[in-house]
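Everything on this sheet refers to the single structure shown next.
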Amino acid sequence: MSIPLLDYKPSSQNQRVEGYEVPGEDTPWIYRIEDCSNPNDVLELINAAYRQVLSEHQILQFNRQVQLESQLKNRSITVRDFIRGLAKSDAFRNLVVETNSNYRVVELCLKRLLGRSPYSKDEEIAWSIKIATLGWGSFVDALIDSEEYRSSFGDNTVPYQRRRYKDRPINLVTPRYGNYWRDKLETERYKWGDINNYMDMARSLNIRVVTPQPVQTANIQIPDMTRDNKEAAVSVNPSASFPVRL
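Yeah, the sequence shown ends on 355 if you go by the numbering used here, and it's all consecutive.
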């Protein structure tokens, strides 16, 4: 039995109602599979999904999911299943999951899969517990199968940034942290598996040397524990009768 999602509240009154924004140059373009009338339109939708989920504006060949793309082109799967497959792919795991903490992963997944920022730190903690208890695949399913995702994007729409309060689009303010940048941010913390950091940590330990003290046994009197071999003989009279209770 899995632990239920902890309760959390939106941190702003604006997050409780639907947003109203004046369209402009920063308005996200909505990609729907029903609007694709030719293969080029489907390819644009696929590239938009890569940009949204992987946040890679230049899609590399080894990050492409050829089988998922083929199934989507043939309408064998929905756009929602395609987004699910991208989030569970090895590329997403290598680019996002393995290079960030659970809190950071929750923040990125909410922005890329649900199109919004976390409501508060309580929500990040709640979803982090889901990652720890359910595993990565079940966490992705919980987001993709949530009522919020279904009501916002349905089965045929690529997720997009639904609300923007300030700053730049999500994909620009939440770039992927690589190993170098992660290590740079965690210079004061020890990374697991780094032998140099381990040796520095071992040298920094203040170990108090304990000098053993010998036990003084000269004045200790040990009592005589030997047994006397002369034991009293016990005689038994065979003619003696004992009462028997029936």
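Even for Gly, the Cβ is constructed at its ideal location relative to N, Cα and C.
First and last residue of the uninterrupted alpha helix (DSSP H) at Asp-150: 148-163
Alpha carbon of Trp-301 to alpha carbon of Ala-196, nearest angstrom: Interpretation of Trp-301 is limited by its pLDDT of 48, a score under 50 that renders its predicted location unreliable; the figure taken from the coordinates is listed afterwards. When rounded, the distance between both Cα atoms is 26 Å.
Given 8 Å, three or more beta-carbon pairs between the region 225-242 and the region 180-189: no
The region 262-273 in contact with the region 139-159 per 3-pair CB rule at 8 Å: yes
Buried or exposed by the 16-neighbour rule on C-beta atoms within 10 Å, applied to Gly-194: So Gly-194 counts as buried.
Residue closest to Gln-174, alpha-carbon to alpha-carbon, out of Arg-189, Ala-200, Ser-164: Ala-200
Short Cβ contact (7 Å threshold) for Tyr-269 with Gly-224: yes
Boundaries (first-last residue) of the alpha helix (DSSP H) holding Ile-234: 230-243
Cut-off 6 Å between Cβ atoms - residues of its own chain near Pro-215, not counting five sequence neighbours on either side: Residue identity differs from the one stated: residue 215 is Val in this sequence, not Pro. So the list reads Glu-233, Trp-236, Ser-237, once near-sequence residues are dropped.
Expected contact under 8 Å - CB spacing of Leu-217 and Val-205 to nearest Å: 6 Å
Helix, strand or coil at Arg-271 according to DSSP, with G and I counted as helix: Three-state DSSP puts Arg-271 in coil, outside helix and strand.
Alpha-carbon spacing of Phe-248 relative to Leu-222, whole angstroms: 12 Å
Boundaries (first-last residue) of the alpha helix (DSSP H) holding Ile-192: 188-196
Ser-255 versus Ser-198, Leu-152, Met-310, Arg-189, residue with shortest Cα-Cα distance: Arg-189
Status (buried if at least 16 other CB within 10 Å, exposed otherwise) for Leu-154: buried
Delimiting residues of the alpha helix (DSSP H) encompassing Asn-211: 211-222
One or two residues paired with Thr-136 in a DSSP bridge: Per DSSP, none; premise fails for Thr-136.
Which listed residue (Leu-181, Leu-314, Tyr-212) has its alpha carbon closest to that of Ile-240: Tyr-212
N- and C-terminal bounds of the alpha helix (DSSP H) containing Gln-322: Annotation: Gln-322 is outside any alpha helix (DSSP H) and is labelled neither H nor E by DSSP.
Other residues of its chain near Ile-168: CB distance less than 6 Å, five sequence neighbours each side excluded: Tyr-159
Inter-residue Cα distance where the pair is Gly-244 and Arg-259: So the alpha carbons of these two residues sit roughly 22 Å apart.
Contacting residues, own chain, Cβ-Cβ under 8 Å from Gln-122 (five flanking each side not counted): At Gln-122 the pLDDT is 49, less than 50, meaning the model places this residue with poor confidence; the figure from the coordinates comes in the next sentence. Answer for Gln-122: no residue qualifies.
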